[in-house]
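Visitor:
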Amino acid sequence: MEKKINFFEALHSQKLSGVAYKNMVYKKRILAHLANMGNCTIADLSKELAISIPKTNELVNELLDDAIITDDGKTEAGVGRKANMYGLEANSAFFVGVEVSSYHINIGLMNFKREMVSTREHIDYQLDNTEKSLNALCQTLRHFIDSCEVAKEQILGIGVNLSGRINNKTGYSFSYFNFHEDPLSKIIEQEIGIPTYLENDSRAMAYGEFSSGIVNGERHVLFVNIDHGIGLGIMINGELYYGKSGFAGEFGHIPVFDNEIICRCGKKGCLETEASGIALRSNFITRLNAGATSIVGKKHKDVSAITLADIVEAAKNDDTLAIELIDEVGEKLGRGMATLINLFNPELVILGGILANTGEYLSLPMKNAINKYSLSLVNNDTRIKTSKLGEKAGLMGACLILRDRLLAITS
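Each position in the sequence shown, counted from 1, maps to that position plus 179 in the numbering used here.
Take a look at the structure:
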């Protein structure tokens, strides 16, 4: 007799066909509906998904046997015989999200009901395009998974966020760890032993914010990640937009300035060369070396040790130099954002990343520039808000993208 495999074993199987494949599709649709709509009866599921009640009952019972959904008792609604309500079993499956930043790593574990059950933030790390840096990432990830009180087979996947050009379909990174023939996702998967998927960091942050953050019914939204670089996540008609190859949103590399500064991408004049965290830190150090004073200079005798976080903290403590230079970044960033608003006519623009934490020091000059350089008829329809999730946006996005794609909750 052929051994019955449970839903999660079948999920990654490449051998499903016929009835088994069709049942898998139906089960995904049931789980997606429960994830989006909450607890339902068999009659509700049958009607919503256009599956017969006997077939729905069979599939629900199999999901109950696999302990993926729960029978939550009788509904209180209506009259007559009460139907049973079914919902997701929160701890039947988990997803790991990894946010890889220039100087630290954040890792989170999410359960099936999209609750973050464990996180570790600001783990010291140096992001370089080297084998050593990749090994350190894998080691950090391995330690986190070992520390979680969850069976490894219950973790359905790992979502890794990296900056730069990422092809999320093939798993290749074209900016970091691109020295292997195999895709980076496969390299990490072989090291950890869990299916792994890559995503651009700004796009993952955007998805987290679109799904669980400040978005409330808006269908056309831009998420601008103002960190060491400048990234962009785009939501068009309620869907995350990737472009043909998955590279849409390279906002930081729009050629805005007529300068001779070489960008990280190898081009000159990119928005990032004058309006990013990298540019801010460079200008800050230059001004200190030229004799300017700042509380940051008292903290670090060696100016090369100054971080972007130091400058942001200084601005919050009314440091004149930090505020002045952040103001300049805000004005230049606003010029770039005026272009975005003219192009996309969004309902909402969300500001995220470390520089968004400077509040009005950045947002006021940025809004003034937007008003100056964009069409008033267009920008009058656009609201600008700061990220609700903050540093957790990337972790939420990484886990939710993984969960929603595996279960076909989204395309």
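Even for Gly, the Cβ is constructed at its ideal location relative to N, Cα and C.
(1) Please list the segments of the alpha helix (DSSP H) lying wholly inside the segment 206 to 280, counting only runs of 4 or more residues, in order along the chain.
(2) Please classify F402: does DSSP put it in a helix, a strand, or coil?
(3) Taking C-alpha atoms, which residue in L210, N185, S196, I502 lies nearest to D245?
(4) Cβ atoms of I221 and V239: under 8 Å apart, would you say?
(5) What ranges does the alpha helix (DSSP H) occupy inside the segment 385 to 435, keeping only unbroken runs of at least 4 residues that lie completely in it?
(6) Should T452 go down as buried or exposed, given a rule of 16 or more other Cβ atoms within 10 Å for buried?
(7) Can the beta-carbon of I485 be found closer than 8 Å to that of S455?
(8) Decide if Y386 is buried, meaning its Cβ has at least 16 other Cβ atoms within 10 Å, or exposed.
(9) Give the straight-line distance between the Cα atoms of K546 and A517, rounded to the nearest whole angstrom.
(10) Under 8 Å, with one C-beta from each stretch per pair, do the segment 416 to 428 and the segment 383 to 403 reach the 3-pair mark?
(11) Here's the rule: buried if 16 or more other CB atoms are within 10 angstroms of the residue's CB, otherwise exposed. What is K511?
(12) Within the chosen definition, does the segment 496 to 515 reach the segment 462 to 482 through at least 3 CB pairs nearer than 8 Å?
(13) Does N263 pass the burial test, meaning 16 or more other C-beta atoms within 10 Å, or should it be called exposed?
(14) Smallest Cα separation from M384: which of L543, C317, V403?
(15) Spatial neighbours of K564 within its chain, please: CB distance less than 8 Å, with the 5 preceding and 5 following residues excluded, ordered by chain position.
(16) Looking at the structure shown, is S381 part of a helix, part of a strand, or coil, going by DSSP?
(17) How about V296 and L306: are their beta carbons less than 8 Å apart?
(18) Ignore the nearest five residues each way along the sequence and tell me which others in F353's own chain have a CB closer than 8 Å to its CB.
(19) Could you give the first and the last residue of the continuous alpha helix (DSSP H) run that contains R582?
(20) So, using beta-carbon positions, are I334 and V275 closer together than 8 Å?
(21) Between the Cα of N496 and the Cα atoms of V204, N536, L522, which residue gives the shortest distance?
(22) If D378 sits next to A577, beta carbons under 8 Å apart, how far is it from one beta carbon to the other, in whole angstroms?
(23) Just list the alpha helix (DSSP H) runs in the segment 307 to 387, keeping only unbroken ones of 4 residues or longer that don't cross its boundaries, in chain order.
(24) When burial is assigned at 16 or more other CB atoms within 10 Å of the CB, is D498 buried or exposed?
(25) Between the C-alpha atoms of K253 and D489, what's the straight-line distance to the nearest angstrom?
(26) According to the neighbour-count rule (16 or more other Cβ atoms, all chains shown, within 10 Å of its Cβ), is V204 buried or exposed?
(27) Is it buried or exposed for I232, if we count other Cβ within 10 angstroms and need 16 for buried?
(28) Assuming T303 is part of the beta strand (DSSP E), what are its boundary residues?
(29) Below 8 Å on the Cβ atoms is my contact criterion, and I expect M207 with L242 to pass it. Report the Cβ-Cβ distance as a whole number of Å.
(30) Alpha carbon to alpha carbon, how far is E310 from S326? Give it in angstroms, no decimals.
(31) Out of L543, V508, L554, Y540, state which residue places its alpha-carbon closest to the alpha-carbon of E523.
(32) First and last residue of the alpha helix (DSSP H) that includes N547?
(33) Are F291 and L267 close, meaning C-beta to C-beta below 8 Å?
(34) Thinking C-alpha only, which one of L574, L363, S542 is nearest V277?
(35) Starting from the Cα of K571, find the closest Cα among T235, K348, R299 and give me that residue.
Guide: Walking through what the data contain:
(1) If only complete runs of 4 or more residues are kept, the segment 206 to 280 shows the alpha helix (DSSP H) at 221 to 228, 232 to 244, in order along the chain.
(2) Residue state, collapsed to three classes: strand.
(3) With respect to the C-alpha of D245, the residue from L210, N185, S196, I502 having the closest C-alpha is N185.
(4) Pairing V239 with I221 gives a Cβ-Cβ distance under 8 Å.
(5) Secondary structure within the segment 385 to 435: not one fully enclosed alpha helix (DSSP H) run of 4 or more consecutive residues is present.
(6) With 16 or more other Cβ atoms inside 10 Å of its own Cβ, T452 counts as buried.
(7) Against a cut-off of 8 Å, the Cβ pair of S455 and I485 comes out as no contact.
(8) Taking every protein chain shown into account, the CB of Y386 has 16 or more other CB atoms within 10 angstroms, so this residue is buried.
(9) Per the coordinates, the alpha-carbon of K546 lies some 9 Å from the alpha-carbon of A517.
(10) Contact between the segment 416 to 428 and the segment 383 to 403 is present, with at least three C-beta pairs closer than 8 Å.
(11) Buried: at least 16 other Cβ atoms inside 10 Å.
(12) Verdict: yes, contact present.
(13) For N263, the number of other beta carbons within 10 angstroms of its own is below 16, and it is reported as exposed.
(14) Measuring from the Cα of M384, the nearest candidate turns out to be V403.
(15) Closer than 8 Å at the Cβ level, and outside the excluded window around K564, lie I393, L527, V528, I529, L530.
(16) Annotated three-state conformation of S381 is helix, per DSSP.
(17) Contact: no.
(18) Here the set comprises G343, R344, I345, N346.
(19) Counting along the chain, the alpha helix (DSSP H) containing R582 begins and ends at 572 to 585.
(20) Using a Cβ distance threshold of 8 Å, I334 and V275 count as a contacting pair.
(21) Comparing Cα positions, the closest option is N536.
(22) For the record, residue 378 in the displayed sequence is Glu; it is not Asp. Right, the Cβ-Cβ distance comes to about 6 Å (below 8 Å), so this counts as a contact.
(23) Complete alpha helix (DSSP H) runs here, min 4: 310 to 326, 363 to 371.
(24) D498 is buried by the Cβ-count criterion.
(25) So the alpha carbons of these two residues sit roughly 56 Å apart.
(26) Answer is exposed; the Cβ neighbour count stays below 16.
(27) I232 comes out exposed.
(28) The question names Thr, yet the displayed sequence has Asp at residue 303. 295 to 303 is the span of the beta strand (DSSP E), which, as asked, contains D303.
(29) Position check: residue 207 holds Lys in this sequence, whereas Met was assumed. In this structure K207 does not touch L242 by the C-beta definition: roughly 11 Å separates them, more than the 8 Å allowed.
(30) Going by the C-alpha atoms only, they are around 24 Å apart.
(31) Note that residue 523 corresponds to Phe in the displayed sequence, not to Glu. The candidate whose alpha carbon is nearest that of F523 is L554.
(32) DSSP places N547 in the uninterrupted alpha helix (DSSP H) bounded by 539 to 552.
(33) Taking a C-beta distance under 8 Å as the contact criterion, F291 and L267 qualify as a contact pair.
(34) Looking at L574, L363, S542, the one whose alpha-carbon comes closest to that of V277 is L574.
(35) Taking each of T235, K348, R299 in turn and checking the Cα distance to K571, the smallest one comes out for R299.
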